[in-house]
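Taking it in order: structure first as structure tokens, then the write-up.
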Amino acid sequence: MSSTANRTEDAASSALDGDDATAALLSSPAVTTATAEVAQLRQELHQCQEKFASWKAKAKTGVEQMRAQIVDLTCKLDESNKQRALLEASLGRGAALPALYVAQSQEFMHAHAIAAACLLVDTVLLSHSGGGPGQYKDTAATSPARSPTLQSTTTESLQKTVKDQSDRLKEAHHALKRLSNELQQRTAALHQQDENLADLRRRLAELEACNTSLKQQLMSVPNAQEWKHAQEELDQQLARTRLEYESRESQLVLQHSTEVQALKAVHEREVQEMQREQRDAVAQAVQDALANRSPTLVRGGAHPGKTDDDDAYLDLLNDYKAMEMQCAAATQERDTMAAEQQMLLRELQELLQSARGPLPASAANGTSTTAVTAADGAQATAGWDSFADTANLKEAVRRIHEQRLTFAKLQEELMHSRREVMQLRRCKAGPPEDGLSAQQLQYVRSVVVQLLCSLSDIRVARHLLPVLSMLLKFTDDDLQAITKAMLQ
977 MSSTANRTED AASSALDGDD ATAALLSSPA VTTATAEVAQ LRQELHQCQE KFASWKAKAK
1037 TGVEQMRAQI VDLTCKLDES NKQRALLEAS LGRGAALPAL YVAQSQEFMH AHAIAAACLL
1097 VDTVLLSHSG GGPGQYKDTA ATSPARSPTL QSTTTESLQK TVKDQSDRLK EAHHALKRLS
1157 NELQQRTAAL HQQDENLADL RRRLAELEAC NTSLKQQLMS VPNAQEWKHA QEELDQQLAR
1217 TRLEYESRES QLVLQHSTEV QALKAVHERE VQEMQREQRD AVAQAVQDAL ANRSPTLVRG
1277 GAHPGKTDDD DAYLDLLNDY KAMEMQCAAA TQERDTMAAE QQMLLRELQE LLQSARGPLP
1337 ASAANGTSTT AVTAADGAQA TAGWDSFADT ANLKEAVRRI HEQRLTFAKL QEELMHSRRE
1397 VMQLRRCKAG PPEDGLSAQQ LQYVRSVVVQ LLCSLSDIRV ARHLLPVLSM LLKFTDDDLQ
1457 AITKAMLQ
């Protein structure tokens, strides 16, 4: 491109020198004597030369501008190729779009080169056409006869040349405007590509920053061996905690069982002592009553006095009240023991609830449970498995509840046995052949006393007869005798 522009400038300068020589010949002293027509033609030729000089200067300016534009476009093309190479390297895609862009740029440069070449050719033609009229004018000066024809031919050729150059100049202007528009479009496309490239670079920087942060996080995270070591330590600590909890639970269960058994033994001993005392008192009372009543019954026969019957009834009533008092005392004692048991259960539950948190280390000196729990609470270690501990606590509560039910059942059986023993202890010896005990005989005695005291009341006899018949097992003779007595 640069060599073509230099050749164009050389041709334009040579054409300008030829025009200057022609002007010098026309302005020589020999031509001043020409006719008015020659002067007019000279003036027109001078005007054409001035126009040609101005066109040549404009063409030279245009060539310089085109050269500068070609250099600028070449620089932009190189920069675009570099950016395209960077974009392909970053994205790893094909070069279909950049190849099309390079083809369009080459077409644009070819169009500029063609326009410059056309301008150079036009300049050369103008220079040659400018030299021709000078020669013709010299010939016309030497031969005046042929000058009008030559002048008209030169004028027409110059006008035609000027018209052609004007048309070409207009075409060049249109082409330059079209190429300028294309250049603006390509510049806008380049700016868009630059923006896309900046966006991609920004995203790449963000990805690099994220990658760096992730690497730092991975470097800061402990490795698998440390995790494994920590997990093993936690497992060992959990196993130790479970063993301590199981040992503490077994100690509490054994202690509670021992306390319950001790309370049961104490209660049984007290009940046995009370039963023995009661048996002795009942036996003594029966013996005293029998000793006091035997002479009276022997002397009175079948008609005892009313005072002896009242005394026997009062004795029975006193015995009954004494038995009620003893039963109330036993019931109160049972309630007291139940309250103590409830208190022990509450203490055990509080102890187990306090053990729900961090499990305390087991004491080595074997002190009391409450003291050990209070002392170990401040030295709590790691946590323990809540699910297993909850199951163990539930099992302990279930066992305690079963023991409570067993204890209540034993209390009921004990009370029932005590009643039976108290009933059996009232008699001194075993039951007679008819199956009546001492208590039944005493009851029969009181009924017989009431019957004898109220022989005049038939309703009492009717109410007492079934009872007497069932208890004493009256025979037919006895029933007939009683009936006769009631009818009298």
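Residue numbers (the numbering used here): 977 to 1464. Don't be surprised by glycine CBs; every beta carbon is placed ideally from N, CA and C. These numbers come from a predicted model, not from an experiment.
DSSP-derived helix/strand/coil call for residue 1199 | Here residue 1199 is taken as the residue at index 223 of the sequence shown, counted from 1. Three-state DSSP puts residue 1199 in coil, outside helix and strand.
Backbone CA spacing between residue 1295 and residue 1390 [nearest angstrom] | Counting from one through the sequence shown, the residue named residue 1295 turns up at place 319. Counting from one through the sequence shown, the residue named residue 1390 turns up at place 414. Using only the alpha carbons, I get a separation of about 21 Å.
CA-CA distance, residue 1028 and residue 1174?
-> Position 52 of the sequence shown holds residue 1028. Position 198 of the sequence shown holds residue 1174. Residue 1028 and residue 1174: Cα-Cα distance of roughly 51 Å.
What is the C-beta distance between residue 1254 and residue 1302, in whole angstroms, given that I count them as a contact (C-beta under 8 Å)?
-> In the sequence shown, counting from the first residue as 1, residue 1254 sits at position 278. In the sequence shown, counting from the first residue as 1, residue 1302 sits at position 326. At roughly 6 Å, the Cβ-Cβ gap stays under 8 Å, so residue 1254 and residue 1302 are in contact.
Mind checking whether residue 1190 and residue 1066 have CB atoms under 8 Å apart?
-> Counting from one through the sequence shown, the residue named residue 1190 turns up at place 214. Counting from one through the sequence shown, the residue named residue 1066 turns up at place 90. Contact annotation: residue 1190 and residue 1066 have beta-carbon atoms that are not nearer than 8 Å.
For residue 1314 versus residue 1250, is the C-beta spacing smaller than 8 Å?
-> What you label residue 1314 is simply residue 338 of the sequence shown in a count that begins at 1. What you label residue 1250 is simply residue 274 of the sequence shown in a count that begins at 1. Not in contact: residue 1314 and residue 1250 (Cβ atoms no closer than 8 Å).
Drop a sphere of 10 angstroms on the beta-carbon of residue 1035, count the other beta-carbons inside from all chains shown, and report buried for 16 or more, exposed for fewer.
-> By one-based count along the sequence shown, residue 1035 stands at place 59. It is buried - the Cβ of residue 1035 has at least 16 other Cβ atoms within 10 Å.
In angstroms, rounded to a whole number, what distance separates the CA positions of residue 1326 and residue 1232?
-> As a first step, residue 1326 must be located in the sequence shown, where it is residue number 350. As a first step, residue 1232 must be located in the sequence shown, where it is residue number 256. The straight-line gap from Cα to Cα measures roughly 14 Å.
Expected contact under 8 Å - CB spacing of residue 1229 and residue 1384 to nearest Å | Within the sequence shown, numbered from 1, the residue matching residue 1229 stands at position 253. Within the sequence shown, numbered from 1, the residue matching residue 1384 stands at position 408. Going by Cβ atoms, the distance from residue 1229 to residue 1384 rounds to 19 Å, so no, they are not a contact pair.
Mind checking residue 1112: buried by the 16 CB within 10 Å criterion, or exposed?
-> Working through the sequence shown from its first residue, we reach residue 1112 at position 136. Below a pLDDT of 50, predicted positions are generally treated as unreliable, and residue 1112, at 39, falls in that range; no measurement from the model is reported.
Determine the burial state of residue 1031: buried for a count of at least 16 other Cβ atoms within 10 Å of its Cβ, exposed for fewer.
-> Translated into positions along the sequence shown, residue 1031 becomes position 55. Per the 10 Å Cβ criterion, buried.
Residue 1062, buried or exposed, once every other Cβ within 10 Å from all chains shown has been counted against 16 | In the sequence shown, the residue the question calls residue 1062 occupies position 86. It is exposed - the Cβ of residue 1062 has fewer than 16 other Cβ atoms within 10 Å.
Based on Cα-Cα distance, which residue from 1386, 1388, 1159 and 1321 lies nearest to residue 1376?
-> Reading the sequence shown from its first residue, position 400 is the one you call residue 1376. With distances taken between Cα atoms, residue 1376 lies closest to 1321.
Cβ-based burial, residue 1056 [other Cβ within 10 Å; buried from 16] = For the purposes of this step, residue 1056 is taken as residue 80 along the sequence shown, with counting starting at 1. Buried.
How big is the Cα-Cα spacing for residue 1038 and residue 1017?
-> As a working note, residue 1038 is residue 62 in the sequence shown. As a working note, residue 1017 is residue 41 in the sequence shown. If you draw a straight line from the Cα of residue 1038 to the Cα of residue 1017, it is about 30 Å long.
Compute the Euclidean distance between the alpha carbons of residue 1201 and residue 1214, then round it to the nearest angstrom.
-> For the purposes of this step, residue 1201 is taken as residue 225 along the sequence shown, with counting starting at 1. For the purposes of this step, residue 1214 is taken as residue 238 along the sequence shown, with counting starting at 1. Residue 1201 and residue 1214: Cα-Cα distance of roughly 20 Å.
Which same chain residues, not among the five before or five after residue 1180, have their C-beta less than 8 Å away from its C-beta?
-> By one-based count along the sequence shown, residue 1180 stands at place 204. Around residue 1180: 1066.
Return the residue from the list 1387, 1045, 1182 and 1040 that minimises the CA-CA distance to residue 1156.
-> Here residue 1156 corresponds to residue number 180 of the sequence shown, with the count starting at 1. Out of 1387, 1045, 1182 and 1040, 1045 has the C-alpha closest to the C-alpha of residue 1156.
Buried or exposed (CB count within 10 angstroms, at least 16 for buried), residue 1178 = Along the sequence shown, one-based indexing puts residue 1178 at 202. That one is exposed.
Tell me, to the nearest whole angstrom, how far the beta carbon of residue 1387 is from that of residue 1236; I am working on the premise that it is less than 8 Å.
-> The residue you call residue 1387 lines up with position 411 of the sequence shown. The residue you call residue 1236 lines up with position 260 of the sequence shown. Actually they do not touch by this definition, with Cβ atoms about 12 Å apart.
Just the Cα atoms here: how many angstroms apart are residue 1167 and residue 1047?
-> Working through the sequence shown from its first residue, we reach residue 1167 at position 191. Working through the sequence shown from its first residue, we reach residue 1047 at position 71. The alpha-carbon atoms of residue 1167 and residue 1047 are separated by roughly 19 Å.
Cβ separation of residue 1169 and residue 1019, assumed to be a contact under 8 Å, to the nearest whole Å = As a working mapping, residue 1169 is identified with position 193 in the sequence shown. As a working mapping, residue 1019 is identified with position 43 in the sequence shown. So it is not a contact: roughly 58 Å between Cβ atoms.
Have a look at residue 1140 and residue 1160 and give me their C-alpha separation to the nearest angstrom.
-> Stepping through the sequence shown from its first residue, residue 1140 is reached at position 164. Stepping through the sequence shown from its first residue, residue 1160 is reached at position 184. Taken atom to atom, the span from the alpha-carbon of residue 1140 to that of residue 1160 is near 30 Å.
Out of curiosity, what's the CA-to-CA distance linking residue 1246 and residue 1260?
-> Along the sequence shown, one-based indexing puts residue 1246 at 270. Along the sequence shown, one-based indexing puts residue 1260 at 284. Taking the straight line joining both Cα atoms gives about 21 Å.
Assign residue 1194 to one of two classes, buried (16 or more other C-beta atoms within 10 Å of its C-beta) or exposed (fewer than that).
-> By one-based count along the sequence shown, residue 1194 stands at place 218. Exposed.
Find the nearest neighbour of residue 1248 within the set 1013, 1395 and 1456, judged by alpha-carbon distance.
-> The sequence position of residue 1248 within the sequence shown is 272, counting from 1. In this structure, 1395 is the residue among 1013, 1395 and 1456 with its C-alpha nearest to the C-alpha of residue 1248.
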